[in-house]
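One structure below.
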Amino acid sequence: MGGCFSKPKPVEVKVEVVLPEKEEMSPNGKASPLAYKANGTSRHFHLEERPITLNPYPKAKDVVEASVCHVKELENGQMREVDLGCGKALLIKQNGEYYAMGHKCPHYGAPLVKGVLSRGRIRCPWHGACFSIGTGDIEDFPGLDGLPKFQVKIEKERVYIRASKQALQSQRRTKVMAKCITLSNYNTSITNVLIIGAGPAGLLCAETLRQEGFSDRIVMCTMEKYLPYDRPKLSKSMDSQPDQIALRSKEFFHTYDIEVLMDMQVVSVDAKSKVAVFKDGFKMEYNKLLIATGNTPKTLACKGKEIDNVFTLRTPEDANWAVRLASGKNAVIVGASFLGMEVAAYLCEKAHSVSVVELEDIPFKRFLGEKVGRAIMKMFENHRIKFYMQTEVSELREQEGKLKEVVLKSGKVLRADVCVIGIGASPTTGFLKQSGITIDSRGFIPVNKMMQSNVPGVFAAGDVVTFPLALRNNKRVNVPHWQMAHIQGRIAALNMLAQGTEISTIPYLWTAMFGKSIRYAGHGEGFDDVIVQGDLDELKFVAFYTRKPKRRFLSYNRMATCIDLWRSDEVIAVASMNYDPIVSKVAEVMASGKTIRKRDVE
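This is the structure:
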């Protein structure tokens, strides 16, 4: 590994001049047509037309041009954040070429200059999204938009950047998309693509189809009454209102003819006849189907589970009500899961008391290991949060219909005005039992690397699937991460269009508590050892999760020859706190196909 984990040194660059230009376009001003085969008929669709212009920046007041550095100031593989007066840009030099683009990740605004530059793309230091330095397009997730690209020119050994003022201010770029050409005369009960679920997997599927030129009907349906929103914020920022966390505006869906049926639940699917039946009896025929229904939170099975003020966190209303009821009161969180711990951290400054009940002896022990789990537990205890470990709830007691006490199996009785349940979730696939679509014993939909189920034309993505993960030698896994749902939705769309694209990504997740973030990449299920660097007490550390490779037996001249492959354990995951961008660096090494050994990180 050598020095691949060293931190980059930030560099400041001064601006010299201001002049004109606008964002780049394709040479002919429009995208190429894409052929799509629907019901055996080949049809050609075009992306939305754009006016052809020889001068993409006709108004000098709309653009800025600045000299940002001498050509010798930037070495290959270096990045610099430069100020153009009315906004900043990221300047990159790789393989002798200069590139300029937006300097902030469109997802949550991370400074990309602190990210990882590798293989023609830059990876966000916070949550792992990847962007092409050639096009600015988003190549891995989370997030929806790419980066604006700016023109770079060299004159008299100076590097100049010309950029649209609007792009500098927005720091994001939405790809050109097709529109539907059949909406004026379609049958309301027939759609070409039906997407069940309106989370990130469903949204990315719909957007990718439009980006690829698909202009037939797309219908998304959801049991909720909101357009797709940023669900992870429900536990990290519980006061968030639906319009504050919406992933796309209502106008966006209208502009690109992506129909969203809200408060509409699918109760059955007949994969043979290609029909979905809704709760109200409405039936819809489809040509291609994506199942992206996500998870349903598990509930308690104890006495009193139906009492008011007991919540699972699934909707904005759940989060909003829980935080209101906890204000100045006693809150009990059942489950030291990521969701449970995030809720506990958020309520800490609002509630009179916060207690966490957990069956294990240490939070996150199975996921992050004992040492890291203890450090996180100590951080919570320092914020006055009380833990009741190795026990569970036996009864919820009420007074006048409202929650009053939480009784534990240990005999302890906790005062409680509100209780939030965070004990895990189950895939929402019960409606598929008679569909002909294969469901495994745990309720997951097995798919291949193209997100294809056992039924042709039926795809699945997100929390409901198990799929072969290349990082773990194609072991079939379920990875219920926000980032993973994005990429799986995109892969499903590409394969609806018969592009034969396989998923190739490194799982990446994050959690935020008390203003600190834990970042995690890889898939550490079944790790054997944890190598910790840094200081756990100071909460500034990186943890590498390793696993011994399995032994292989080869037959040679009728004799079994054992090949012991555990010469050095393999790093299968990494987690960090206050150690950026180490997790993104490791993720990029893993994505390149290289194996990181235990000896490399000890």
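Read in the working numbering, the sequence shown has 242 at position 246, and its numbers run on one by one without any break.
For every residue, glycine included, the Cβ atom is placed at its ideal position computed from N, Cα and C.
Extent of the continuous alpha helix (DSSP H) run through residue 368: 366 to 377
Nearest-angstrom Cα separation, counted from residue 151 out to residue 477: 46 Å
Contacts around residue 80, its chain only, beta-carbon distance under 7 Å, and the 5 residues preceding and following it disregarded: 11, 60, 62, 157, 159 and 164
In chain order, each beta strand (DSSP E) run of at least 3 residues that lies wholly inside the region 291 to 324: 291 to 293 and 306 to 308
Nearest candidate by alpha-carbon position, reference residue 606, set 290, 497 and 573: Outside the modelled stretch of the chain, which goes from -3 to 598, sits residue 606, for which no answer is possible.
Rounded straight-line distance, which links the Cα of residue 446 to that of residue 498: 5 Å
Euclidean distance between Cα positions of residue 402 and residue 350: 12 Å
Through-space distance from residue 232 to residue 352, alpha-carbon basis: 16 Å
Delimiting residues of the alpha helix (DSSP H) encompassing residue 536: Element bounds for residue 536: not the alpha helix (DSSP H) but the beta strand (DSSP E), 536 to 543.
Buried or exposed (CB count within 10 angstroms, at least 16 for buried), residue 577: buried
Test item: CB-CB of residue 600 and residue 206 under 9 Å: Residue 600 is absent from the structure shown; the chain starts at -3 and stops at 598.
Limits of the unbroken alpha helix (DSSP H) element including residue 569: Note, residue 569: premise wrong, no alpha helix (DSSP H); beta strand (DSSP E) at 566 to 573.
For residue 124 and residue 356, the rounded distance between their alpha carbons: 30 Å
Element boundaries [beta strand (DSSP E), containing residue 168]: No beta strand (DSSP E) holds residue 168; DSSP gives it neither H nor E.
Where the alpha helix (DSSP H) through residue 335 begins and ends: 334 to 343
DSSP state of residue 153 mapped onto helix, strand, coil: coil
For residue 251, the three-state DSSP class (helix, strand or coil): helix
Sufficient close CB pairs (3 or more, under 8 Å) joining the region 218 to 227 to the region 235 to 248: yes
C-alpha distance - residue 391 paired with residue 301, whole-angstrom precision: 8 Å
Integer-rounded CB distance, given that residue 417 should sit under 8 Å from residue 501: With 8 Å as the limit, residue 501 and residue 417 do not qualify as a contact, their Cβ atoms being about 31 Å apart.
Closest residue to residue 195 among 493, 479 and 596 (Cα-Cα distance): 479
Euclidean distance between Cα positions of residue 590 and residue 567: 11 Å
From 584, 69 and 410, residue whose alpha carbon lies closest to that of residue 120: 584
Under 9 Å between C-beta atoms of residue 465 and residue 503: yes
Endpoints, alpha helix (DSSP H) assigned at residue 196: 196 to 207
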